[in-house]
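In order, the protein sequence lines correspond to chains A and B.
By our numbering, the letter at position 28 of the first sequence is numbered 28, and the numbering carries on one by one without gaps.
Position in the second sequence (first residue = 1) + 1000 = our numbering.
Protein chains: 2
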Amino acid sequence: MSEARIHNFSISLDGFATGEGLSLDDPFGHAGHRLHEWMVRTRFFHQQTGEEGGGRGVDNAIAAWFEPGIGAEIMGAGKFGPPGWQDDAGWKGWWGPNPPFHTPVFVLTHRPRPSIEMAGGTTFHFLDAAPSEALTAAREAADGGDVRIGGGPTVCRDFLAAGLVDFMHVVQVPMVLGRGVRLWDGLESLEDSYDIEAVSTPSGVTHLVFTAKPR
Amino acid sequence: MSEARIHNFSISLDGFATGEGLSLDDPFGHAGHRLHEWMVRTRFFHQQTGEEGGGRGVDNAIAAWFEPGIGAEIMGAGKFGPPGWQDDAGWKGWWGPNPPFHTPVFVLTHRPRPSIEMAGGTTFHFLDAAPSEALTAAREAADGGDVRIGGGPTVCRDFLAAGLVDFMHVVQVPMVLGRGVRLWDGLESLEDSYDIEAVSTPSGVTHLVFTAKPR
């Protein structure tokens, strides 16, 4: 069974996954990179960017769940580029010529464009579709693999609200962001559908792991 | 130095410390007692209510920080009684004849009334005052002891925003409450003023401990 999974999804104590004022220079707005520092320090991240080193502790082990078994990703328009990227015909995402996905990636947008094949196995497809339709398309492309719901928060929330997420790994970072886009809005009683584990690590973050109960 | 401390302050994943629809029958509204189940299971809580038993694990050890060194408490009107208690001249709080405070307690309300002396050392005083004024009054009454900021969320938030809190213990419960009163609103960058530790326990909750940095 192909699962829909969310990984390495960082939020502040007040539940914001991204800040205010997103732009080409500030992909996460006033949040900067503070929500992801825990991950940047891991060996997993270093390997993704072709660097030596990086921490090999619990944060690393959990971060590395990101890849195994994934056959496709779905992401929102807000993750693929800064506001207005749809007007730039040459925009190919934030990640350079070899994006860290290495699978088909379905970008949800009301203004689809032709697919873009990148190095390393990533192909960006553009889709104007509801969550369940997008998941069907991504599952087909994943060829038996799982589908990562890659964010941002609005997309994760939509898939959670639709009951489509089998596994979610959220990382709570000890900061109060104050404003931006929240993960939890509209998800009252989410705990009824999931077994939830929490583990804090020496870096100061708390990993929350949601596993869907049998439906 | 007399410190201002917050203890056993339970919130949901989405930051709500109390639900919607507070009433005499539902002191926490639709949240019910779900935010406090972790504490009800501790030996600390059992002792407070005169019962035998209760868990003696890490949750208990942390919960029991509530008492030592405290010489007075400050609480909001919303903690002292259900909406409208100010119209009931006989209302003496939720806690029966022997409340679990055993110190002077300052209730912040725009409609002060004469003090009420209870059994066990608790005296309720009623004060229409700003946080810093209330803290001065409570410190005086605490006679060298610390002052507990007892909640609810609005009162905690006001004291935090005013930079008056030296220590805060928040307990995050793995549920999404969806609506109610949030702790974190208006506290952007709170982490700049505190060292923060997080520890998850086998009960599933995560204890967050904030210790003020030297000012």
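Here a beta-carbon is modelled for each residue, glycine too, at the ideal position from N, C-alpha and C.
Sub-9 Å separation of residue i and residue j beta-carbons
{"i": "A/Arg179", "j": "A/His30", "result": "yes"}
{"i": "B/Pro1114", "j": "B/Phe1101", "result": "no"}
{"i": "B/Val1170", "j": "B/Ser1010", "result": "yes"}
{"i": "B/Trp1065", "j": "B/His1007", "result": "yes"}
{"i": "A/Pro131", "j": "A/Phe167", "result": "no"}
{"i": "B/Gly1081", "j": "B/Asp1088", "result": "yes"}
{"i": "B/Gly1152", "j": "B/Ala1017", "result": "yes"}
{"i": "A/Leu22", "j": "A/Pro68", "result": "no"}
{"i": "B/Asp1185", "j": "B/Arg1157", "result": "yes"}
{"i": "A/Asp143", "j": "A/Ala4", "result": "no"}
{"i": "B/Ala1212", "j": "B/Val1155", "result": "no"}
{"i": "B/Leu1190", "j": "A/Met175", "result": "yes"}
Coarse secondary structure for residue i, derived from DSSP in three states
{"i": "A/Phe16", "result": "strand"}
{"i": "A/Ala119", "result": "helix"}
{"i": "B/Met1168", "result": "strand"}
{"i": "B/Thr1201", "result": "coil"}
{"i": "A/Thr49", "result": "coil"}
{"i": "A/Arg157", "result": "helix"}
{"i": "A/His33", "result": "coil"}
{"i": "A/Arg5", "result": "strand"}
{"i": "B/Ala1126", "result": "It should be noted that the sequence gives Phe, not Ala, for residue 1126 of chain B. It is a strand residue."}
{"i": "B/Val1040", "result": "helix"}
Residue i CB to nearest heavy atom of the ligand GDP below 8 Å
{"i": "B/Leu1183", "result": "The ligand content of the structure shown is nil, which means the ligand GDP is not present either."}
Where the alpha helix (DSSP H) containing residue i begins and where it ends
{"i": "A/Leu208", "result": "That residue, A/Leu208, is in no alpha helix (DSSP H); its beta strand (DSSP E) goes 206-212."}
{"i": "B/Arg1139", "result": "1131-1142"}
{"i": "B/Glu1191", "result": "Neither: B/Glu1191 is in no alpha helix (DSSP H) and is coded neither H nor E."}
{"i": "B/Asp1059", "result": "1058-1063"}
Exposure of residue i, with buried meaning 16 or more beta-carbon neighbours within 10 Å
{"i": "A/Asp59", "result": "buried"}
{"i": "A/Leu177", "result": "buried"}
{"i": "B/Arg1139", "result": "buried"}
{"i": "A/Gly53", "result": "exposed"}
{"i": "B/Met1001", "result": "exposed"}
{"i": "B/Thr1122", "result": "buried"}
{"i": "A/Ser12", "result": "buried"}
{"i": "A/His207", "result": "buried"}
{"i": "B/Arg1215", "result": "exposed"}
{"i": "A/Asp14", "result": "buried"}
{"i": "B/Asp1128", "result": "exposed"}
{"i": "A/Leu134", "result": "Note on identity: in this sequence residue 134 of chain A is Ala, with Leu being the wrong assignment. Classification for A/Ala134: buried."}
{"i": "B/Thr1136", "result": "exposed"}
{"i": "A/Arg56", "result": "exposed"}
{"i": "A/Ala63", "result": "buried"}
{"i": "B/Arg1111", "result": "exposed"}
{"i": "B/Gly1093", "result": "buried"}
{"i": "A/Gly78", "result": "buried"}
Residue i - containing beta strand (DSSP E), residue span
{"i": "B/Leu1108", "result": "1104-1108"}
{"i": "B/Ala1072", "result": "1070-1076"}
{"i": "B/Arg1148", "result": "1146-1149"}
Touching by the beta-carbon criterion (3+ pairs, under 8 Å), the region 31-47 of chain A and the region 106-120 of chain A: no
Cβ pair count under 8 Å reaching 3, the region 65-74 of chain A against the region 87-107 of chain A: yes
If you pair each beta-carbon of the region 1192-1201 of chain B with each one of the region 1039-1048 of chain B, do three or more pairs fall below 8 Å? no
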